[in-house]
């Protein structure tokens with residue numbers, strides 16, 4: 002198994018995940034915008050936030066690909082199907098703990114269900130369980146995108162052996 | 061303890077009659093609407109404080125509020141005293157920020173409305189801010205947001221985030237973020253609240269809008285700062301432009317109305333902010349004007365240049381070149397604000413303004429042949445070059461190719477400037493504008509601005525075209541050019557022959573045409589577009605831009621006193637905040653057609669400039 006294949010898969014998988022989510026937004030299926038959510042943690046400027054957000058989003062995609070790679074090595078198994086299973090787990094984690102518990106910890110503008118409005122700075126709409134606040138079809142879009150991401154990472158690692 | 065009531069204000073109020081502005085079957089008069097805008101979309105606010113039109117995220121997107129087109133199902137954002145009131149309003153000077161003052165028997169309340177401009181803070185993608193100030197007494201206020209996404213198709217999913225009411229459908233969401241405006245009551249149809257505006261109180265009800273992204277909930281201080289920033293932005297924009305002629309207030313308001321219609325990302329100028337407001341109450345002449353018409357281009361560029369709006373003129377010219385590249389050398393009559401060329405027309409299942417159906421979106425005129433557009437494009441390029449701007453090699457080549465195309469095309473009948481839906485004919489104004497196209501191409505070639513290789517052919521065709529107009533489109537009986545070749549009908553668009561420079565304006569034929577139009581089509585300050593058929597049932601009101609064209613033509617033919625007298629009357633026909641719709645019913649003074657109408661305001665600026673020029677001579 003090649004770590005470089007995992008990195009290449011992480012990049013390709015993130016491209017695919019981003020494309021799926023953007024296409025879903027254009028089709029009116031979701032208002033989820035991961036780069037916007039990430040970037041506004043660092044700046045109030047929308048354009049800069051989007052640029053920073055995309056950078057962080059791709060870096061995260063590579064880091065998660067390395068995590069997948071580590072698990073592949075640890076269990077001595079690989080393949081696109083296993084990557085897809087990881088992607089499903091990853092999508093469930095992202096839609097529950099990651100955006101609702103971990104993101105508000107470091108994101109200064111992320112509200113949560115316990116936050117009261119009326120502070121001194123603007124707050125972002127909290128994602129809610131499985132990011133349902135961003136549209137009723139968001140969980141489906143999230144899971145499909147992450148399964149596709151996992152399958153690509155798994156497929157690249159499989160090809161790289 | 062509530063503040064003491066101001067006895068001076070009370071004594072004034074007690075002498076007033078308090079009566080809400082009337083609505084007919086739930087519809088406010090078109091004259092009652094003021095417009096808000098942020099360079100991306102526009103909202104219309106009625107005299108009774110109801111926002112009856114808002115499309116999101118852009119001007120040409122589906123509406124969220126369309127009570128203008130269906131009083132029961134369209135959706136609105138109402139905000140007004142619960143008790144009878146008298147109302148006055150104005151735009152804050154040199155801004156598109158609207159101030160409405162409600163006077164009641166219990167006190168006075170001021171509402172300041174704006175679609176705010178982005179500032180340095182993280183704000184919503186779009187923000188409709190409504191700030192409510194108690195000026196005296198205690199006034200019970202009620203507000204209600206009834207969103208109907210997709211042109212009234214659905215109320216959306218209503219809920220709360222961090223206690224803030226929100227509604228969403230597909231890629232659009234809105235939050236109703238209020239401060240000191242009562243507890244919001246949320247149900248499946250609306251988000252509403254009640255509060256009492258006391259002397260010195262300051263409440264806010266803001267609509268925070270998201271498109272394809274999570275909502276942003278601003279802090280109160282950010283909302284207040286953004287309103288100030290927005291007013292300041294508008295004032296800075298006005299201060300950066302130059303007009304020191306007569307009718308300054310009307311010209312400045314017209315410039316601000318036009319700026320509302322400029323699509324900021326592309327520089328395209330929408331013909332109006334709305335769709336399907338009728339040209340005849342109950343009639344079928346209802347069109348979607350949220351597109352950019354090439355025919356308005358020369359007026360737009362000329363107005364921008366005359367007002368000193370160089371950046372807007374440049375942006376508009378390059379948008380026009382970019383959009384028309386898609387169909388080159390053929391020109392469509394109109395293009396989408398993003399430069400796209402498709403605008404399929406369809407009807408919506410809405411009641412229509414006072415049952416004026418159909419309600420259309422898209423515009424079927426996109427497929428018509430309208431020869432005048434070529435003249436407008438060449439005139440636009442000519443004005444742009446004349447103002448000292450360079451045409452790059454590619455644009456210069458395309459303009460020359462357009463002139464070649466006109467030389468081939470001008471013999472064909474067309475649908476004309478008024479986009480008639482009857483059979484195509486040889487409209488005189490279309491032929492005049494084809495002549496203008498060839499003449500301007502020759503001028504540009506002589507200046508070295510475009511390739512001159514085909515100039516001899518352009519000259520030959522221009523001469524033949526002039527012969528066609530002078531022999532086939534002139535009536536010795538009317539002593540005027542006529543609507544189309546061989547007819548005896550008149551057409552106010554022939555005034556554009558004077559305005560665009562088709563021949564000597566003081567010559568017998570153009571001067572005679574001005575006289576004939578005034579005699580046959582004008583009634584006081586009102587001017588009808590044409591006599592004769594147009595392929596549609598019913599009639600229409602007087603066309604506002606034709607009245608201003610007549611004033612400009614009178615100035616240009618040297619009849620300055622008549623021009624000023626007419627202009628004085630026309631300026632008085634604006635609504636209470638200085639806006640014009642497309643048409644006015646001469647019998648009632650009622651506005652008809654879409655509002656605010658860019659062409660009406662462009663024509664006002666052109667007439668004021670022409671009068672200023674003639675007065676200076």
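Chains as they are written, first to last, in this note's numbering: chain D, 2 to 162; chain F, 61 to 677.
Glycine included, every Cβ here is placed at the ideal spot set by N, Cα and C.
Taking CB atoms only, residue 138 of chain D has no neighbour in chain F less than 7 Å away.
Taking 7 Å as the cut-off, the Cβ atoms of residue 138 of chain F and residue 287 of chain F do not count as close. Around the beta-carbon of residue 388 of chain F, fewer than 16 other beta-carbon atoms lie within 10 Å, marking it exposed. With 16 or more other Cβ atoms from the protein chains shown falling within 10 Å of its own Cβ, residue 189 of chain F counts as buried.
Interface criterion not met: the Cβ of residue 146 of chain D is under 7 Å from no Cβ in chain F.
In this structure, residue 197 of chain F sits away from residue 261 of chain F, with a CB-CB distance that is not shorter than 7 Å.
Annotation: residue 565 of chain F to residue 435 of chain F spans about 18 Å, alpha carbon to alpha carbon.
The count of Cβ pairs closer than 8 Å, one atom from the segment 82-91 of chain F and one from the segment 122-139 of chain D, stays below three, leaving the stretches out of contact. In this structure the segment 375-388 of chain F lies against the segment 452-461 of chain F, because at least three pairs of beta carbons, one per stretch, are closer than 8 Å. Per DSSP, the continuous beta strand (DSSP E) segment holding residue 407 of chain F begins and ends at 406-408.
Residue 303 of chain F sits in coil when the DSSP states are folded into three classes, being neither helix nor strand.
With respect to residue 207 of chain F, residue 135 of chain F sits close: the two C-beta atoms are nearer than 7 Å.
For residue 282 of chain F, the neighbours in chain D by C-beta distance under 7 Å run, in chain order, 123.
Against chain D, the beta carbon of residue 231 of chain F has neighbours under 9 Å at 26, 27, 28, 29, 30, 31, 32 and 136, listed in chain order.
The beta carbon of residue 618 of chain F sits closer than 7 Å to the beta carbons of 566 from its chain, once the five residues preceding and following it are set aside; these are given in chain order.
Per the DSSP secondary-structure output, residue 113 of chain F pairs in a beta bridge with F:104. In the DSSP annotation of this structure, the continuous segment of the alpha helix (DSSP H) that includes residue 37 of chain D starts and ends at 35-40. From the beta-carbon of residue 112 of chain D, the residues of chain F found nearer than 8 Å are 221, 222 and 277. Among the residues of chain F, those whose CB is under 9 Å from the CB of residue 127 of chain D are 221, 222 and 274, following chain order.
A Cβ-Cβ separation of about 6 Å places residue 149 of chain F in contact with residue 637 of chain F under the 8 Å criterion.
The three-state reading of DSSP puts residue 394 of chain F in strand, counting E and B together. Runs of the alpha helix (DSSP H) spanning 4 or more residues and lying entirely within the segment 616-668 of chain F occur at 620-631, in chain order. If you check each beta-carbon in the segment 422-433 of chain F against every beta-carbon of chain D, none falls closer than 7 Å. From the beta-carbon of residue 38 of chain D, the residues of chain F found nearer than 8 Å are 274.
Residue contact check for residue 182 of chain F against chain D: a CB pair falls below 7 Å. Flagged as an interface residue toward chain F: residue 45 of chain D, by a C-beta distance shorter than 7 Å.
With a contact defined as Cβ atoms closer than 8 Å, residue 15 of chain D and residue 59 of chain D qualify at about 5 Å.
For residue 228 of chain F, the neighbours in chain D by C-beta distance under 8 Å run, in chain order, 32 and 136. Per DSSP, reduced to three states, the secondary structure at residue 157 of chain F is coil, with no helix or strand assignment.
In terms of beta-carbon proximity, residue 54 of chain D stays away from the interface with chain F, with every pair separated by 7 Å or more.
A Cβ-Cβ distance of about 17 Å is found for the pair residue 21 of chain D and residue 100 of chain D, leaving them out of contact under the 8 Å criterion. The three-state reading of DSSP puts residue 190 of chain F in strand, counting E and B together. Listed along chain F, no residue sits closer than 9 Å to residue 19 of chain D by beta-carbon distance, the nearest being about 13 Å off. Sixteen is the threshold: when 16 or more other Cβ atoms of the shown chains lie within 10 Å of the Cβ of residue 661 of chain F, as they do, the residue is buried.
Taking a Cβ-Cβ cut-off of 7 Å, the neighbours of residue 41 of chain D in chain F comprise 182, given in sequence order. Contact annotation, residue 233 of chain F with residue 251 of chain F: C-beta distance approximately 13 Å; criterion of less than 8 Å not satisfied.
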